[in-house]
Amino acid sequence: MKEKHLVLVDICEALVCNKLNKARAIIAKELPYQPPKKLKRYFSEYKATEIFLRDGFIDRYSGNKLVFPPVLRLISEIFPEAFPFQTHWKLSECHIAYWHLSATLDHIIPTARGGDDSDDNLITTSMLKNITKSIWLLEELGWELFPPGKMTEWDGLTRWFRDYVTKNPEYLKLSYIVKWHKALEQVLAEKPKEQDHDSQ
């Protein structure tokens, strides 16, 4: 594929010669307009947890270690002033750690660019990287995927989470915590035993 700036050179040269049809044809072939699709996606806690465990809680865009989402919420419940949470993650009211450390899902090829919801197109990342990547392709940003991690090396504090809510069941009255706890138990029940281990 010709480099984009050279395509523009061809378009401009065609315009200089007043060859409007040729310029239009070059655009249609080399730089076709593809408006982003406005598709809203929601993934269940189960699907998200499944991908998080598959990737070993590694941010596939940066290689950084991430944390199981309800771990941060538990800390916010215990220390609401020192570690605040805001439903819409408003920076003036929500601890920045949520953006850096909370695991979330992203499409490698964005749905707006034709990507699907298959597991092969879903990866673990942070909200910071998710927002940064937006609708762009990896090659457009100069990014490459980092390899997934191993749950035997870092488990996103899932073991800690399970142990803590077992010892402090009052937190299982919170719907957000309950949903993630249920999802984690379901995914672990379906995975090989080596993924159920102590966090490092």
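Everything in the sequence shown is counted per UniProt numbering, starting at 1 for the first residue and increasing by one. Backbone N, C-alpha and C define an ideal beta-carbon position, used for all residues, glycine too.
Whole-number beta carbon distance between residue 128 and residue 154, since they are thought to touch under 8 Å: 18 Å between Cβ atoms; not a contact.
Check: residue 134 C-beta below 7 Å from any heavy atom of the ligand COA: Among the ligands in the structure shown, none appear at all, so the ligand COA cannot be discussed.
C-alpha distance - residue 124 paired with residue 102, whole-angstrom precision: Just so you know, the alpha carbons of residue 124 and residue 102 end up roughly 10 Å apart.
Counted within 10 angstroms of its Cβ, other Cβ atoms place residue 141 as buried (16 or more) or exposed: Counting Cβ neighbours within 10 Å, residue 141 comes out exposed, since fewer than 16 surround it.
Assigned exposure category for residue 173 - 16 Cβ within 10 Å defines buried: Residue 173 is classed as exposed because its beta carbon has fewer than 16 other beta carbons within 10 Å across all chains shown.
Three CB pairs or more closer than 8 Å across the stretch 59 to 75 and the stretch 102 to 117: The stretch 59 to 75 makes contact with the stretch 102 to 117; the number of CB pairs closer than 8 Å reaches 3 or more.
Among 95, 157, 60 and 166, the one whose alpha carbon lies nearest that of residue 76: Comparing Cα-Cα distances from residue 76 to each of 95, 157, 60 and 166, the minimum goes to 95.
Contact under 8 Å by Cβ, residue 4 with residue 31: A Cβ-Cβ contact shorter than 8 Å links residue 4 with residue 31.
Selection from 6, 119 and 114 that minimises the alpha carbon distance to residue 48: The shortest CA-to-CA distance from residue 48 to any of 6, 119 and 114 is the one to 119.
Closest residue to residue 114 among 167, 189, 137 and 6 (Cα-Cα distance): Taking the Cα of residue 114 as reference, the smallest distance to any Cα among 167, 189, 137 and 6 is reached at 137.
Coil, strand or helix - residue 44 by DSSP: Residue 44 falls in the coil class under three-state DSSP.
Contiguous beta strand (DSSP E) assignments of at least 3 residues, all confined to the stretch 67 to 134: As far as the stretch 67 to 134 is concerned, its whole beta strand (DSSP E) runs of at least 3 residues are 103 to 107 and 122 to 126.
Euclidean distance between Cα positions of residue 132 and residue 178: Counting only the Cα atoms, residue 178 lies some 30 Å from residue 132.
Given 8 Å, three or more beta-carbon pairs between the stretch 176 to 191 and the stretch 155 to 167: These segments touch.
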